[in-house]
Amino acid sequence: MTVSIHGLLWTQQPDLSWYGLQPWWQRWLEAGARAEHGADLQLDLDLDRITYRLPLEVRGRRDPVDLQIEFHRWPRYDCYDLLPEEYPRVFAAPGATSPHRMPTDDALCLYFPDSPPWRRWRPVDGLLALIDLARDHVFFEDYWRATGGQRGGTWLGDEAPHGFPEVAA
Numbered sequence: 001m002t003v004s005i006h007g008l009l010w011t012q013q014p015d016l017s018w019y020g021l022q023p024w025w026q027r028w029l030e031a032g033a034r035a036e037h038g039a040d041l042q043l044d045l046d047l048d049r050i051t052y053r054l055p056l057e058v059r060g061r062r063d064p065v066d067l068q069i070e071f072h073r074w075p076r077y078d079c080y081d082l083l084p085e086e087y088p089r090v091f092a093a094p095g096a097t098s099p100h101r102m103p104t105d106d107a108l109c110l111y112f113p114d115s116p117p118w119r120r121w122r123p124v125d126g127l128l129a130l131i132d133l134a135r136d137h138v139f140f141e142d143y144w145r146a147t148g149g150q151r152g153g154t155w156l157g158d159e160a161p162h163g164f165p166e167v168a169a
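Using UniProt numbering, you'd call the opening residue of the sequence shown number 1 and step up by one each time.
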């Protein structure tokens with residue numbers, strides 16, 4: 001059977017219970033970002049992944065940075081007990097030296113997943129807030145490298161410890 005969702009055709013029946021295929025979730029998540037970025041915000045919708053792409057203007061850079069945000073139905077990465085929609089993968093300026101990148105795939109480490117909800121991004125904040133967080137992160141990386149990087153560079157944003165403390169047995 002061929003099914004059309006948002007003008008896309010699939011040859012198998014999609015599971016519409018996944019939040020990523022819910023038009024109300026997408027519209028609600030995207031509203032502010034669409035108002036701010038318009039047609040520059042591109043959406044790729046798959047059966048188990050939503051990918052947003054955007055040329056992102058970052059202070060101090062002449063050219064935009066290609067930003068990619070991925071929401072996975074079944075992430076192949078650890079979500080640290082968060083729901084997958086609360087822990088998307090965000091990529092920008094691949095390969096840049098940074099103290100806050102995921103070692104496995106170079107995704108930006110934007111917030112500590114064990115922080116309370118008001119200290120980390122959540123879908124209720126909207127895609128625009130996540131885009132702005134990524135923009136600031138790339139700027140902080142640039143500043144950190146310009147002020148010494150691994151030899152004492154200054155990180156302008158909040159920082160949390162990496163990793164999780166071991167639980168005593």
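Each residue gets a CB set at the ideal place from its N, CA and C atoms; glycine is no exception. As the structure is a computational prediction, the values presented were derived from the model and not from experiment.
C-beta contact flag for Leu156 and Ala134 at 8 Å: no
Straight-line Cα distance separating Phe112 from Trp144: 19 Å
I want to know whether the stretch 125 to 133 touches the stretch 70 to 84 - three or more CB-CB distances under 8 Å. no
For Ser115, count the other beta carbons within 10 Å of its own beta carbon; 16 or more makes it buried, fewer makes it exposed. Which is it? exposed
Sort Thr147, Asp46 and Trp25 by Cα distance to Ser98 and report the nearest one. Thr147
Output the distance between the C-alpha atoms of Arg49 and Leu43, rounded to the nearest integer angstrom. 11 Å
Considering just the uninterrupted stretch of the alpha helix (DSSP H) at Arg120, what are its terminal residues? Where Arg120 is concerned, there is no enclosing alpha helix (DSSP H), given that its DSSP letter is neither H nor E.
Quick one: measure Cβ to Cβ for Gly60 and Asp142, integer angstroms, because I've assumed they're closer than 8 Å. 6 Å
I need the DSSP call for Asp44, collapsed to helix, strand or coil. strand
Beta-carbon proximity check, Val65 vs Ala35, cutoff 8 Å: no
Within 10 angstroms of its Cβ, does Gln22 collect 16 or more other Cβ (buried), or is it exposed? exposed
Is it buried or exposed, Arg101, if we count other Cβ atoms within 10 angstroms and call 16 or more buried? buried
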